[in-house]
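Just below is one structure, and these are the notes that go with it.
Residue numbers (UniProt numbering): 1 to 160.
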């Protein structure tokens with residue numbers, strides 16, 4: 001009898017609570033011999049967050065510590081070396097898990113949400129982007145529209 005109630009409680013939670021995803025974060029330590037501006041640009045583009053930046057006295061080197069999502073860290077080392085002409089050396093280590101506060105399956109449903117976000121919700125749903133990238137990498141089906149407006153598609157035939 002008790003197992004039935006546990007199952008019902010779990011089922012209610014799964015049905016009525018919006019799902020959340022977790023993403024792994026990596027602690028990134030960089031040592032660079034150039035100005036930090038190019039480093040900050042690459043870290044910002046990869047949705048990273050700077051924790052500390054220190055100048056090592058007498059050497060002209062910068063130590064930068066940042067946290068970056070692991071899914072955004074693929075090819076990070078090559079990009080940082082290209083942007084800094086090989087003068088920055090990154091080191092990535094797993095740091096922690098972070099909950100993404102956005103429901104990956106969210107679409108506007110009420111009239112207020114339609115007025116605020118529009119019909120397609122023009123902001124980028126980060127949880128959905130991460131979920132679709134993982135599903136695509138694993139070969140699972142992804143909900144992508146190939147053609148958004150079929151009647152507005154350009155035809156290749158020429159009108160004479």
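By construction, the Cβ of each residue, glycine as well, lies at the ideal position given by its N, Cα and C atoms.
Every value quoted in this text rests on a predicted model; they were computed, and no experiment measured them.
Which one of the options has the shortest CA to CA distance from residue i?
| i | options | result |
| --- | --- | --- |
| residue 68 | 131, 30, 81, 4 | 30 |
| residue 131 | 37, 19, 5 | 19 |
| residue 99 | 105, 23, 57, 133 | 23 |
| residue 28 | 52, 85, 134 | 52 |
| residue 60 | 141, 74, 87 | 87 |
| residue 91 | 80, 101, 85, 97 | 80 |
Going by DSSP, name the residue or residues bridged to residue i.
| i | result |
| --- | --- |
| residue 25 | 69, 96 |
| residue 31 | 63, 89 |
Counting only the same chain and skipping the five closest in sequence on each side, list residues whose C-beta sits under 6 Å from that of residue i.
| i | result |
| --- | --- |
| residue 54 | 63 |
| residue 70 | 24, 26 |
Take residue i and list the residues in its own chain whose beta-carbon comes closer than 7 Å to its own, dropping the five residues that flank it on each side.
| i | result |
| --- | --- |
| residue 136 | 142 |
Which full runs of the alpha helix (DSSP H) of 4+ residues lie inside the UniProt domain "Elongation factor EFG" (37 to 102), going along the chain?
37 to 45, 76 to 83
Please confirm if the stretch 41 to 57 is in contact with the stretch 106 to 117, defined as three or more CB-CB distances below 8 Å between the two stretches.
no
Count Cβ pairs between the stretch 126 to 134 and the stretch 60 to 67 that sit closer than 8 Å; are there 3 or more?
no
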